[in-house]
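Peer 1: Chains G and P, in that order, give the protein sequences.
Under this note's numbering, the first residue of the first sequence is numbered 3, with each subsequent residue one higher.
Under this note's numbering, the first residue of the second sequence is numbered 95, with each subsequent residue one higher.
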Amino acid sequence: MTYYDLHVHTSLSIGENSVEDVAQMAKRLGLSGIGIVRYYLGNMEKLPQVEGIDIISSVMLKVAKPDELSGLAEKARAKAEVLMIHGGDYDINRAACENPLIDVLCHPELGRKDSGLDHICVRAAHDNNVAIEINFREVLESYKRNRIYILSAMKKNIELCKKYETKVVTSSSAVTVWGMRSGRELAALTHLLGLELGKSIETTSTIPEQIIKENREKLAGKRFEGVKIE
Amino acid sequence: MAEPKMLPPSMRPPKRYIVFEVISDQPIIYGELVNTIWTSTMEFLGELGGAEANIWFVHNTYDSKKQIGMIKCRHDNMEKVRTALSLISIISETKCIIKIIGVTGTIKSAKTKYLGEQNINI
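1) Using a Cβ-Cβ cut-off of 8 Å (strictly less than) and excluding sequence neighbours within five positions of R139 (chain G), which residues of its own chain qualify?
2) Who pairs with R40 (chain G) in a beta bridge, going by DSSP?
3) Under the rule that 16 or more other beta-carbon atoms within 10 Å means buried, what is T200 (chain P), buried or exposed?
4) List, in order along the chain, the chain P residues whose C-beta lies closer than 8 Å to that of M182 (chain G)?
5) Report the CB separation of L74 (chain G) from V61 (chain G) in whole angstroms; it is logged as a contact under 8 Å.
6) Comparing the C-beta of K205 (chain P) with each C-beta of chain G, is any distance below 9 Å?
7) What is the DSSP secondary structure of L162 (chain G), reduced to helix, strand or coil?
8) Give me the chain G residues within the contact set of K174 (chain P), using Cβ-Cβ distance strictly less than 9 Å, ordered along the chain.
9) So what does DSSP say about K115 (chain G), is it helix, strand or coil?
10) Give me the residue from G:H11, G:K146, G:L162 and G:T206 with the minimum Cα distance to C123 (chain G).
11) Grab me the residues of K193 (chain P)'s own chain with a C-beta within less than 7 Å of its C-beta, minus the 5 sequence neighbours each way, in chain order.
12) Would you mind listing the beta strand (DSSP E) stretches within the stretch 146-209 of chain G that are 3+ residues and don't spill past its ends, in chain order?
13) Tell me whether A204 (chain P) is buried or exposed, calling it buried when 16 or more other Cβ atoms sit within 10 Å of its Cβ.
14) Of all the CB atoms in chain P, is at least one closer than 9 Å to the CB of M156 (chain G)?
15) Excluding the five sequence neighbours on either side, which residues of its own chain have a C-beta within less than 7 Å of the C-beta of E76 (chain G), listed in chain order?
16) Cβ of L142 (chain P) less than 9 Å from any chain G Cβ?
17) Out of curiosity, what's the CA-to-CA distance linking G32 (chain G) and K207 (chain P)?
18) Output needed for R40 (chain G): all residues of its chain with C-beta closer than 8 Å, excluding positions within five of it in sequence on either side, in chain order.
19) Once you ignore the five residues that flank N171 (chain P) on each side, which residues in its own chain have a CB closer than 7 Å to its CB?
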């Protein structure tokens with residue numbers, strides 16, 4: 003089984019460790035690929051490649067207003083293998099779900115006491131092929147009452163995703179190497195939050211793999227809207 | 095004092111043995127690891143969840159050099175214990191990751207598969 007973690011921070015964003023250190027730990031944890039997150043700043047350099055592991059370029063968009071999102075997404079799309087949105091605000095969450103250029107909506111419940119998503123957002127996410135992220139770091143770094151709020155918000159999001167068959171992605175969102183976990187352990191959290199075991203394992207294996215494969219084909223000019231060149 | 099008789103094998107509750115490895119930059123003391131796992135289980139699963147999971151440490155299998163150990167739990171609570179273990183990030187001020195190497199149904203198969211012991215019967 004090949005496991006992927008699409009959301010890992012390094013010194014290129016808010017993380018502490020270098021890409022090489024993170025890649026070594028990922029190899030030790032049995033991951034096949036890691037998404038190195040960078041915030042979109044216009045020019046994006048190529049990421050260093052490490053032998054034995056797939057280094058994926060994940061681009062995170064952080065917008066203040068929902069109307070800035072679509073313009074920025076069009077610019078960033080050409081440089082990103084995985085395009086992510088920094089969620090948390092309801093309007094931004096909804097705009098991200100309604101935009102087909104976006105791949106993953108990260109932590110929609112960040113800094114909130116509710117789940118940040120409703121049935122309209124999740125239905126739109128299913129129509130536009132946007133995946134909803136389950137963020138492990140939020141659970142790992144919270145305690146007592148806050149952890150309960152976050153877990154119940156995630157549980158509510160998973161219930162909605164199950165109803166509308168929206169894609170779910172589980173990622174560690176680690177800022178140090180000690181925040182990383184193997185794919186099977188990330189999947190175990192998603193399973194406890196209400197997804198069936200088989201589907202929760204898919205959230206760290208086949209679903210990220212499919213997102214990366216499709217986007218790489220699009221970037222190479224082999225796949226267009228509805229057409230694939232063999 | 096008289097003790098209850100051991101249940102026949104068909105009536106014993108099904109269990110799983112989780113083989114784990116502690117990844118850390120400094121060596122970990124086993125007693126502190128056990129305390130941290132109990133605390134994490136209590137925090138994440140609560141008293142009732144902990145009782146249902148029926149966690150038991152297989153002390154004599156711990157390898158302090160490789161930092162590999164074994165935990166027994168109920169078979170239907172495996173994912174809960176796996177998550178409780180993954181939510182540990184610090185053991186006595188040392189940052190660490192608990193990585194699960196594998197899960198088996200008997201101690202014998204855990205030893206032969208993951209702890210590098212030779213199976214004499216084969």
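Just so it is clear, CB atoms sit at the ideal spot from N, CA and C, and this is done for glycine as well.
Peer 2: Straight from the coordinates:
1) Taking the first residue of the first sequence as 1, we reach residue 139 (chain G) at position 137. Exclusion of the five residues before and after R139 (chain G) leaves S174, S175, A176, V177 and G181 as the residues of its chain whose Cβ lies within less than 8 Å of its Cβ.
2) For the purposes of this step, residue 40 (chain G) is taken as residue 38 along the first sequence, with counting starting at 1. R40 (chain G) is bridged to G:V61.
3) One-based indexing of the second sequence puts residue 200 (chain P) at position 106. By the neighbour-count rule (16 or more Cβ atoms within 10 Å), T200 (chain P) is not buried but exposed.
4) Along the first sequence, read from residue 1 onward, the residue named residue 182 (chain G) stands at position 180. Simply I191.
5) Locating residue 74 (chain G) in the first sequence gives position 72, counting from the first residue. Locating residue 61 (chain G) in the first sequence gives position 59, counting from the first residue. About 10 Å separates the two Cβ atoms, so there is no contact after all.
6) Here residue 205 (chain P) refers to the residue found at position 111 of the second sequence. No, because no Cβ of chain G sits closer than 9 Å to the Cβ of K205 (chain P).
7) Stepping through the first sequence from its first residue, residue 162 (chain G) is reached at position 160. In the displayed model, L162 (chain G) falls within a helix according to three-state DSSP.
8) Residue numbering aside, residue 174 (chain P) sits at position 80 when the second sequence is read from its first letter. Scanning chain G for C-beta atoms nearer than 9 Å to the C-beta of K174 (chain P) yields A190 and L194, reported in chain order.
9) Along the first sequence, read from residue 1 onward, the residue named residue 115 (chain G) stands at position 113. Coil.
10) For this step, residue 123 (chain G) is matched to residue 121 along the first sequence. Distances from the CA of C123 (chain G) to each of G:H11, G:K146, G:L162 and G:T206 were compared; the closest alpha carbon is that of G:L162.
11) Here the question's residue 193 (chain P) lines up with position 99 in the second sequence. Excluding its 5 nearest sequence neighbours in each direction, K193 (chain P) has C-beta neighbours in its own chain below 7 Å: F114, E115 and I117, listed in chain order.
12) You should have 170-173.
13) Translated into positions along the second sequence, residue 204 (chain P) becomes position 110. Classification for A204 (chain P): buried.
14) Position 154 of the first sequence holds residue 156 (chain G). With 9 Å as the cut-off, M156 (chain G) does not count as an interface residue toward chain P.
15) Indexing the first sequence from 1 puts residue 76 (chain G) at position 74. Excluding positions up to five away in sequence, the list reads L103.
16) Sequence index remark: in the second sequence, residue 142 (chain P) carries index 48 (1-based). Interface residue (Cβ-Cβ distance to chain G less than 9 Å): L142 (chain P) is not classified as such.
17) As a first step, residue 32 (chain G) is located in the first sequence; it is residue number 30 there, counting from the start. As a first step, residue 207 (chain P) is located in the second sequence; it is residue number 113 there, counting from the start. Answer to the nearest angstrom: the Cα atoms are 17 Å apart.
18) Sequence index remark: in the first sequence, residue 40 (chain G) carries index 38 (1-based). Counting only Cβ-Cβ distances below 8 Å, and skipping sequence neighbours, we find L14, S15, M46, S59, S60, V61 and M62.
19) Taking the second sequence and counting its residues from 1, one reaches residue 171 (chain P) at position 77. Cβ neighbours of N171 (chain P) beyond the five flanking positions: E146 and A147.
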